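To start, the structure under review is shown below, and the notes come after it.
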Amino acid sequence: MLSGTELAQAQQLLALIKKKLTGPLSIMEVCGTHTTAISKYGLRPLLEPLRLLSGPGCPVCVTAAVDLDRMIALAGTGAIVATFGDLLRVPGSETSLEQAQAEGADIRIVYSPLDALAIAADNPKRPVVFLGVGFETTAPAMALAVKQARERDLSNFYLYSCLKTVVPALHALLAAPHGLDGLLLPGHVSSVIGRRAQDFVASLYGVPAAVVGFGERDILLGIAAVLRMIEEGTPGVVNAYPHVVREEGNLLAQKLLAEVFDTAAAEWRGFGMIPESGLVLKTEFASHDAALHFDLPHASVLREQDPCRCGDVLRGAISPLDCALFADRCLPLTPLGPCMVSSEGACAAYYRYDRKKGVAPA
Amino acid sequence: MCIGMPCRVIARVGELGTVEYCGNSREINFALVPQAGNGEWVLVHAGLALQLIGEDEAEQLLALLEEFYAERD
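As you go down the protein sequences, you meet chains A and B in turn.
For the first sequence, position 58 matches number 62 in our numbering, and the numbering has no gaps at all.
For the second sequence, position 58 matches number 42 in our numbering, and the numbering has no gaps at all.
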């Protein structure tokens, strides 16, 4: 809850934003947690005619079907599979990790990849695979786990890396026709990569952007900053979260990532292959690379005319409310795509908070 | 997954240490925030401290996460 002063500040910001809005504008919140926060605070109907569009910043949501199928295949090899809980219910082409677990696969929910190392130490005769889904916030813990596995000679520990980085995705988003007037950039990813690394959003693509925190005031402050830049015609990338995000980010984290991972093209749901957007283990860590050790399917079993529109939602091309399946056949209990499953998914947030508030479709 | 947990440092032992989050304590790794001292606040992602933060910011994030999780339960 906001205190009296904070509420007054938020209301002032809101009044300032409404004054600056002379017509419909579109701003994308790139981070999935921002999507959830904006929906929870009820900002979408409050800010109309400004349209706040969800972006590709939900790691589970952007994981491609082929990667989900490979993870499910890994669970079928008899290996112990360790993962964050969010992945369990995400549907692959034909089944899910949750179904695999119900059928007997040994899948364990952990809080950290470092916990998976302990499982590997306790089960030296069984392979233990950690399913690495995430961005720059979770990738350092996975890098550390792989380094420690090598140091401790835990040859039965493997990482299946679907790790992705945000900067190449922003390039992919902005290099294509997009109709976006501004961006809200992720708060905690930016604490790792730094504000400066995202300057290209304005300098190369002319799109104003703000790095923002997660509170109501933080988000409104970021939107006000973006609107000011639009109004003045001076696009930049401002830091509206300076008490957490530094210009250069966390250099030790960046060094650790560069020590353990190379970048490679990676497939994103909604975008296809994005060059240099994936993190894969360097050759010296190849003995811990699940993608090399296990025989995994090369392509997804394509569902004919898959009606799920998560891909369009992740590009900001549509709002979840534009999808015919939303709140009809696709529900939190019977999700047809990852955006309804993940706690950071746009469809889950819109279902929980926005669908009854009269938010206009995109 | 993209939002870190604000945790208070209880005891540092080399690269490792104990932090407190919402009344629970757990061991995390401090390799990437070596300067964090007892009593300070860090943002933790997947068992790894990634950023030193101020107490005000920590309290704001804790309140936010509490609201998020309360509504999901």
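Where is the CB? At the ideal position from N, CA and C, for every residue including glycine.
Here the structure is a predicted model, which is why all the values come from computation and not from measurement.
query: Pairs of beta-carbons, one from the stretch 63 to 73 of chain A and one from the stretch 164 to 175 of chain A, closer than 8 Å: are there three or more?; result: yes
query: Express the C-alpha separation of T9 (chain A) and K41 (chain A) in angstroms, rounding to a whole number.; result: Sequence inspection shows Ala at residue 41 (chain A); the Lys mentioned does not correspond to that position. Rounded to the nearest angstrom, the two C-alpha atoms are 20 Å apart.
query: Examine chain B for any beta-carbon lying closer than 9 Å to the beta-carbon of A77 (chain A), and answer yes or no.; result: no
query: For a test of the three-state rule: what should DSSP assign to G61 (chain A), helix, strand or coil?; result: strand
query: So what's H297 (chain A) in DSSP terms, helix, strand or just coil?; result: helix
query: Could you work out which residue in A:I322, A:M344 and A:L224 is closest to G46 (chain A) when comparing CA atoms only?; result: A:L224
query: Shorter than 9 Å from the beta carbon of K22 (chain A) to some beta carbon of chain B?; result: no
query: If we call anything under 9 Å between Cβ atoms a contact, is F285 (chain A) one with F265 (chain A)?; result: According to the sequence provided, residue 285 (chain A) is Leu. The question's Phe does not apply to it. Contact: yes.
query: Considering only the alpha carbon of each residue, which of A:P311, A:G226 and A:P301 lies closest to P246 (chain A)?; result: A:G226
query: For D57 (chain B), would you say it is in contact with chain A, using Cβ-to-Cβ distances shorter than 9 Å as the test?; result: Summary for D57 (chain B): the model assigns pLDDT 48, below 50, so the residue's position carries little reliability, and this model does not support an answer.
query: Along chain B, in chain order, which residues have C-beta atoms closer than 8 Å to that of P190 (chain A)?; result: C(-14)
query: Which residues in the same chain have their Cβ closer than 6 Å to the Cβ of A104 (chain A), if we skip the five residues on either side of it in sequence?; result: I76 and A79
query: Kindly indicate the opening and closing residues of the beta strand (DSSP E) around C(-9) (chain B).; result: M(-11) to V(-3)
query: Can I31 (chain A) and D185 (chain A) be called in contact, C-beta distance under 9 Å?; result: yes
query: Would you verify that the beta carbon of K360 (chain A) is, or is not, closer than 9 Å to some beta carbon of chain B?; result: no
query: Which residues of chain A have a Cβ atom closer than 8 Å to the Cβ of E43 (chain B), listed in chain order?; result: The premise fails here: E43 (chain B) is roughly 11 Å from chain A at the closest Cβ pair, so nothing lies under 8 Å.
query: What does T238 (chain A) touch in chain B if you count any residue whose Cβ is under 7 Å from its own?; result: Result: empty, since nearest Cβ-Cβ is about 28 Å, beyond 7 Å.
query: Check whether the stretch 167 to 181 of chain A and the stretch 138 to 145 of chain A are in contact - that is, three or more C-beta pairs closer than 8 Å.; result: yes
query: So which residues of chain A does G31 (chain B) contact, with C-beta pairs closer than 8 Å?; result: Y115, S116, P117, L118, D119 and A145
query: Using a Cβ-Cβ cutoff of 9 Å, what residues of the stretch 326 to 352 of chain A are near chain B? List them in chain order.; result: S346, S347 and E348
query: With DSSP as the reference, identify every bridge partner of M146 (chain A), one or two as the case may be.; result: DSSP output for M146 (chain A) lists no bridge partner at all.
query: Given this structure, state the Cα-to-Cα distance separating L300 (chain A) from A69 (chain A), to the nearest angstrom.; result: 13 Å
query: Against chain A, does E51 (chain B) count as a neighbour if the rule is that its beta carbon must be under 9 Å from one of theirs?; result: yes
query: Select from A:G217, A:A270 and A:S195 the residue whose C-alpha is nearest the C-alpha of V17 (chain B).; result: A:S195
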